[in-house]
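In the numbering used here, each residue's number is its place in the sequence shown (first place is 1) plus 1207.
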Amino acid sequence: MGKKIPLRQCVGCREMKSKKELIRVIKTPENEVLLDVNGKTNGRGAYLCFSTECLQKAKRSKGLERSLKIAIPEEIYHRLEEELKQFDTERQSVIHAGDGRESRQN
1208 MGKKIPLRQC VGCREMKSKK ELIRVIKTPE NEVLLDVNGK TNGRGAYLCF
1258 STECLQKAKR SKGLERSLKI AIPEEIYHRL EEELKQFDTE RQSVIHAGDG
1308 RESRQN
């Protein structure tokens, strides 16, 4: 029998995916909302796909706020969106570098 793959649900699109396919958003003990790129930071967590569309869906449905049990101001959503775009660009560069394609450097 194979190793069990931990699944998590995206708070935007509500799809079940492996942890590796999602990024964790946390609320720290100091009530800050941050992207947890290594997945190990202490705090209450929720998972999102690597797309800004899922972040927008989570914002509209208040899914992220429900999961983190905190009201999230507009400026935090904007900052998360910018960080998510930057992280996804870096992630794509690593993926392309790993398959022999030329990677982009920003």
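From the three backbone atoms N, C-alpha and C, an ideal C-beta is built for every residue, glycine too.
* Per DSSP, K1266 forms a beta bridge with which residues? -> One-based indexing of the sequence shown puts residue 1266 at position 59. DSSP output for K1266 lists no bridge partner at all.
* Where G1219 falls, given that 16 or more other Cβ within 10 Å makes a residue buried -> Looking up residue 1219 in the sequence shown gives position 12. It is buried - the Cβ of G1219 has at least 16 other Cβ atoms within 10 Å.
* Asked: Which same chain residues, not among the five before or five after S1274, have their C-beta less than 6 Å away from its C-beta?
  -> Reading the sequence shown from its first residue, position 67 is the one you call residue 1274. Around S1274: V1218, A1253.
* Going by C-alpha distance, which of V1301, E1237, K1210, Y1284 is nearest I1255? -> As a working mapping, residue 1255 is identified with position 48 in the sequence shown. First, the residue type needs correcting, since residue 1255 is Leu and not Ile in the sequence shown. The shortest Cα separation from L1255 among V1301, E1237, K1210, Y1284 belongs to Y1284.
* Return the Cβ separation of K1247 and V1240 in integer angstroms, given the expectation that the two are a contact with Cβ distance under 8 Å. => Against the sequence shown, residue 1247 aligns to sequence position 40. Against the sequence shown, residue 1240 aligns to sequence position 33. Not quite, the Cβ-Cβ distance comes to about 17 Å (not below 8 Å), so this is no contact.
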